[in-house]
Amino acid sequence: MALNSKTLTFEEVAKHNHKKDCWIIVHGKVYDITPFLDDHPGGDEVLVAATEKDATIDFEDVGHSDSATEMMERYLIGKVDTATLPAKVNHIQQPPTQAHGVGNQSSGFVVKMLQFLLPLLLLGLAFALQHYGKKKYASTS
Numbered sequence: 015m016a017l018n019s020k021t022l023t024f025e026e027v028a029k030h031n032h033k034k035d036c037w038i039i040v041h042g043k044v045y046d047i048t049p050f051l052d053d054h055p056g057g058d059e060v061l062v063a064a065t066e067k068d069a070t071i072d073f074e075d076v077g078h079s080d081s082a083t084e085m086m087e088r089y090l091i092g093k094v095d096t097a098t099l100p101a102k103v104n105h106i107q108q109p110p111t112q113a114h115g116v117g118n119q120s121s122g123f124v125v126k127m128l129q130f131l132l133p134l135l136l137l138g139l140a141f142a143l144q145h146y147g148k149k150k151y152a153s154t155s
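Going by the numbering used here, the sequence shown opens with residue 15, and the numbers climb by one from there.
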């Protein structure tokens, strides 16, 4: 679509928030991406989850190619009135409210140990089976 000078409020854009009618906001522009949902390599759920907010950060975090950015132009329907956008949400993760953070640290330690020990265990099992197989084959010969 050619650049449309239509200006939409955030509330108008936010109404289009499901698979049959999906609009997103990226870099202050509004895109009707409904026809693209089935073709999106990341799946339609990702795009539907990007509705009802400014999806610029989500879009940039993925690292879309230049061709993907160019492709978006065909879905452009206008721009958003930035004065109607909701206030920015603070995405800084708060520290845990537990008295101690040992629970999270110990579970991380267990996962790291399993990532190290599981391959060694499988390798040991493979060698044991090979050794057992050779012994059994030698005794039957």
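Where a beta carbon is used, it is the ideal one built from N, C-alpha and C, also for glycine.
Length of the line joining the Cα atoms of residue i and residue j
{"i": "K126", "j": "F50", "result": "40 Å"}
{"i": "K33", "j": "I91", "result": "17 Å"}
{"i": "E87", "j": "K20", "result": "14 Å"}
{"i": "L134", "j": "F123", "result": "17 Å"}
{"i": "G147", "j": "A140", "result": "10 Å"}
{"i": "E25", "j": "H78", "result": "27 Å"}
{"i": "F130", "j": "K149", "result": "29 Å"}
{"i": "D72", "j": "M85", "result": "17 Å"}
{"i": "A142", "j": "L136", "result": "10 Å"}
{"i": "V157", "j": "L132", "result": "Missing from the structure shown is residue 157; the chain here goes from 15 to 155 and no further."}
Any non-hydrogen atom of the ligand MG within 7 Å of residue i CB
{"i": "A69", "result": "Of ligands this structure carries none, so the ligand MG is not represented either."}
Close beta carbons around residue i, own chain, < 6 Å, minus the five adjacent residues each side
{"i": "G138", "result": "none"}
{"i": "T23", "result": "D95, T98"}
{"i": "G115", "result": "For G115, the pLDDT reaches just 48, beneath the cut-off of 50, and the residue's location in the model is therefore unreliable, although a value from the coordinates is still provided. Taken in chain order, the list of residues that qualify is empty."}
{"i": "N31", "result": "T65, E66"}
Distance CB(residue i)-CB(residue j) smaller than 8 Å
{"i": "V27", "j": "V44", "result": "yes"}
{"i": "V60", "j": "H54", "result": "yes"}
{"i": "W11", "j": "T70", "result": "It is not possible to answer for residue 11, since the shown part of the chain is limited to 15 through 155."}
{"i": "D35", "j": "T48", "result": "yes"}
{"i": "D46", "j": "Y89", "result": "yes"}
{"i": "K93", "j": "G42", "result": "yes"}
Assigned secondary structure, residue i (DSSP; H/G/I helix, E/B strand, else coil)
{"i": "I47", "result": "coil"}
{"i": "H32", "result": "strand"}
{"i": "T70", "result": "helix"}
Residues of its chain near residue i, where Cβ-Cβ distance is below 7 Å and the 5 sequence neighbours each way are ignored
{"i": "P100", "result": "F24"}
ask   = Residue ranges of each alpha helix (DSSP H) run of no fewer than 4 residues wholly in the stretch 79-105, ordered along the chain?
value = Runs of the alpha helix (DSSP H) inside the stretch 79-105: 80-86.
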